[in-house]
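Residue numbers (the working numbering): 165 to 712.
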């Protein structure tokens, strides 16, 4: 049952994340193609600002909503669930409006004095349109997560992705250039906020209100202002460390981008920015598991079921490692042909992508640890670790990107965008180790290191074999003006990736690294793949024979 809850929630979020990532690639491909490296570089500089504003407006409230809704719902306190939703909505909407005004005022000085780029003024100002609507989306996602309604989260993401792509592309094609991309994103959030609210109202709010009305002992009694202030305090005590943690995570993603923007031209920001989302592809898996494990661990802790808590934590780490490790190594091995095929003209980002792929591997494991820490009520663990890691990344980036010397003597050469990627990777390794250690210690849980070690061995063997597979046929530069050849090159690379996946599964099975619970989760995924279900069921039945 424990395995089923984490697996089911993770699979639902994973399916949504896969669709979301595909849409994200379409979005970035369109923007990179339509704007060019320089314009795309400016656009990339706006994305971290959007993310920081969204997060600051939400104030870390959505994870707090998820935790306390799951916690109070588990013990039947529906009245507290309703009040949490009401109070948190007031908070995030107020913060969203305030921060929209702030970013509009700061747009010009940021563009002129930090990034030295007047063309960034209008896109930065347009960011102010996004925040009031994005906070509503964040509020609704927090409620959906707390109720374990992962399908609602997927629908919300689908609406957000599709509407953003459509309107951003249309506005760029209408000659609104970078501002059009940002305004299109704002329109996407407007539509998503409305869709999320309608889902929430129909499937959650009406039922919750009806339940509380029927079960209320004192119909005239209201939630007093003093009680609401106490609730606000409870939300903030949890959410402030979560906010600082999430802010630190954004800095971990984007410090490199900002430092490159300060010391190098916008073209190099574009080269770095095109590789970063590819390196973060495995994060869709860790985020899916993390989203499922937070309310699960919170509920297990509220019922004081230590065995269940231990099961949830080990399953979360296992599901992430078994999928993320081979994916990250595969991206590192095939970095050049991936960029050549998907984003021709951006091949200068190859080295950065190879390094970032390893860094994001460390970050995925951190993500699960941080979510567990939040679930057991200790968000301060990732917060402190992130502060240390961000300081490390900032210091290394400032030195490695432009280089460092004294009196004309070069002590550290200029590594450019590769230096930013290296700084991120070193910092994420430190982050992964410190948060995992602190979280496991707090939860009084030990990981099954022997099983995880088998996954590491299988992944390294797979990567070693793939390293010697010829990929020269996948370089687009050889097929300029030959569309059919480019399609064949893409097919070739996809086939090589499937061969790698097959090798990994075979090696992992032979060394006893596949467990029956893994196969059961695989079969649950198969039931959601439509016409591919028979094929996956057959593969699952074969794996079950050799599973331990």
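For every residue, glycine included, the Cβ atom is placed at its ideal position computed from N, Cα and C.
Use the C-beta contact count for residue i: other C-beta atoms within 10 angstroms, 16 or more gives buried, fewer gives exposed.
i, result
"residue 374", "exposed"
"residue 713", "For residue 713 there is no data in the structure shown, the boundaries of the chain being 165 and 712."
"residue 617", "exposed"
"residue 321", "buried"
"residue 197", "exposed"
"residue 712", "exposed"
"residue 388", "exposed"
"residue 655", "exposed"
"residue 557", "buried"
"residue 698", "exposed"
"residue 634", "exposed"
"residue 446", "buried"
"residue 674", "exposed"
"residue 339", "exposed"
"residue 709", "exposed"
"residue 482", "buried"
"residue 142", "Nothing can be reported for residue 142: it is not among the residues displayed for the chain, which extend from 165 to 712."
"residue 229", "buried"
"residue 303", "buried"
"residue 305", "buried"
"residue 555", "exposed"
"residue 261", "exposed"
Check the DSSP bridge columns for residue i and list the partner residues they point to.
i, result
"residue 723", "The shown model of the chain, from 165 to 712, leaves out residue 723, and the question about it has no answer."
For residue i versus residue j, is the C-beta distance shorter than 8 angstroms?
i, j, result
"residue 595", "residue 564", "no"
"residue 429", "residue 484", "no"
"residue 432", "residue 424", "yes"
"residue 603", "residue 533", "yes"
"residue 434", "residue 341", "no"
"residue 626", "residue 490", "yes"
"residue 415", "residue 566", "no"
"residue 193", "residue 507", "yes"
"residue 444", "residue 547", "no"
"residue 255", "residue 396", "yes"
"residue 268", "residue 292", "yes"
"residue 517", "residue 590", "no"
"residue 412", "residue 600", "no"
"residue 606", "residue 540", "yes"
"residue 332", "residue 345", "yes"
"residue 232", "residue 298", "no"
"residue 588", "residue 520", "yes"
Tell me which residue opens and which closes the alpha helix (DSSP H) that residue i is part of.
i, result
"residue 390", "389 to 427"
"residue 698", "697 to 710"
"residue 250", "242 to 273"
"residue 360", "341 to 364"
"residue 311", "Element bounds for residue 311: n/a, residue is neither H nor E."
"residue 618", "613 to 631"
"residue 532", "514 to 539"
"residue 286", "285 to 290"
"residue 226", "225 to 238"
So what does DSSP say about residue i, is it helix, strand or coil?
i, result
"residue 447", "helix"
"residue 592", "helix"
"residue 280", "coil"
"residue 669", "helix"
"residue 560", "helix"
"residue 306", "helix"
"residue 329", "helix"
"residue 201", "helix"
"residue 510", "coil"
"residue 383", "Confidence in residue 383 is poor, its pLDDT being 44 and thus under 50, which makes the residue's placement too unreliable to answer from."
"residue 442", "helix"
"residue 686", "helix"
"residue 321", "helix"
"residue 295", "helix"
"residue 677", "coil"
"residue 168", "With a pLDDT of only 49 at residue 168, under 50, the local geometry of the prediction cannot be trusted, and the value read off the model is given with reservation. Note: residue 168 maps to helix in three-state DSSP."
"residue 691", "coil"
"residue 543", "coil"
"residue 481", "helix"
"residue 634", "coil"
"residue 610", "coil"
"residue 498", "coil"
Taking 8 angstroms as the threshold (beta carbon to beta carbon), is residue i in contact with chain D?
i, result
"residue 362", "The chain inventory of the structure shown lacks chain D, comprising one protein chain alone."
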